[in-house]
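Here is the structure we will look at.
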Amino acid sequence: SVTRYGLGLLPAVCSLAGMAITYTMKL
Amino acid sequence: MSMVNCISLNSTSRVVMASCRNAFTMVANLSLYAVALVVFSTTKSTTHSDIENQYHWIAYTSIFIGCCFVGVFHLGTKEPRLKIRVHGTSYARISWAYWFKKVLYYQVGLVYMLTRLAQNVSQAYLAFYVIEDMRMAKSAKALVPAIIYISSFIVSIIMQEMYWTGQRLKAYYCAGGVLWVFCGASILFLPQSLSAFMYVISVFIGIANALMTVTGVSMQSVLVGSDLNGCAFVYGSLSFLDKVSCGLAVFVLQSF
């Protein structure tokens, strides 16, 4: 259902994307 | 958030202040529960209009408390410009275009946007998930977010006690991200018979939220560095990006 996608899939995908971008950062 | 950078140029102090801010955000969220508890326990609700009145009282009380703290902030906060003079930073105005030329601005913007997206959209769907999908007791609608806030508060407090570098920010952000991936996968495949497991997942969601939010906000501090005159634009533009993306994400999800 949409709630499972909103609460489960979307945050997981966002976190993965966030981690990938963080890896390329020069802090 | 942008004032944090004016208070200190030290990277560890900035992370400590960001985690302190996050801890107090959780206190604010939990205080709303206390207000609701007081209203529900002191007033009786028999009709539909009684319930409406209870929610009106919760809204008025929380707005009043919020206004009081805004007053305390404006009256009690010293002008940060006085501290900038101590650090010897100039007052030269920084153009908006300056930030658009920086690759780090886009990277931090995307990371912050994705972090807030994960946090806000999950909060929006949490109540629907525990009631409609998991068929949990109505109390879970309040209990699960409360567990998230409490664990997030505890982690934010712990993060204040650490020494911070750029590499540590990245490492802790990734730790939060990995936790969210496991939590997301668990939520996606959690059967109704194991609905009680949601309380355990909520602890880890709270930890992941604190790790990602504090480090995400601190990455903005790293981006700003000592260019204090442009920090309001950085925080404002990235917060705007976060709000727009959350709205769009919920719109797209609801269209299904």
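Residue numbers (the working numbering), protein chains in the order written: chain A, 2 to 28; chain B, 380 to 635.
All C-beta atoms, glycine included, are put in the ideal place defined by N, C-alpha and C.
Being a predicted model, the structure only gives us computed values, none of them experimental.
The continuous stretches of alpha helix (DSSP H) do not include A:L8, and DSSP gives it neither H nor E. Judged by DSSP in its simplified three-state form, B:M382 adopts helix. Distances from the alpha-carbon of B:F612 to those of B:A587, B:A506, B:A476 put B:A476 closest.
In the DSSP annotation of this structure, B:S574 is not part of any alpha helix (DSSP H), being labelled neither H nor E.
Interface residue (Cβ-Cβ distance to chain A less than 8 Å): B:I526 is not classified as such. In this structure, the CA atom of B:T425 is about 11 Å from the CA atom of B:E431. Only L483, Q486, V487 from the region 475-487 of chain B bring a Cβ to less than 8 Å from some Cβ of chain A. Exclusion of the five residues before and after A:K27 leaves no residue of its chain whose Cβ lies closer than 6 Å to its Cβ.
Annotation: the region 532-574 of chain B contains the following complete segments of the alpha helix (DSSP H) (minimum length 4 residues), in chain order: 545-568. Secondary structure note for B:I473: it is in no alpha helix (DSSP H), with a DSSP letter that is neither H nor E.
Fewer than three beta-carbon pairs drawn from the region 595-603 of chain B and the region 579-587 of chain B are found closer than 8 Å, and the two stretches are therefore not classed as touching. For B:V509, the closest of B:I437, B:S574, B:V560, B:M396 by C-alpha to C-alpha distance is B:S574. Counting only the Cα atoms, B:L569 lies some 41 Å from B:C446.
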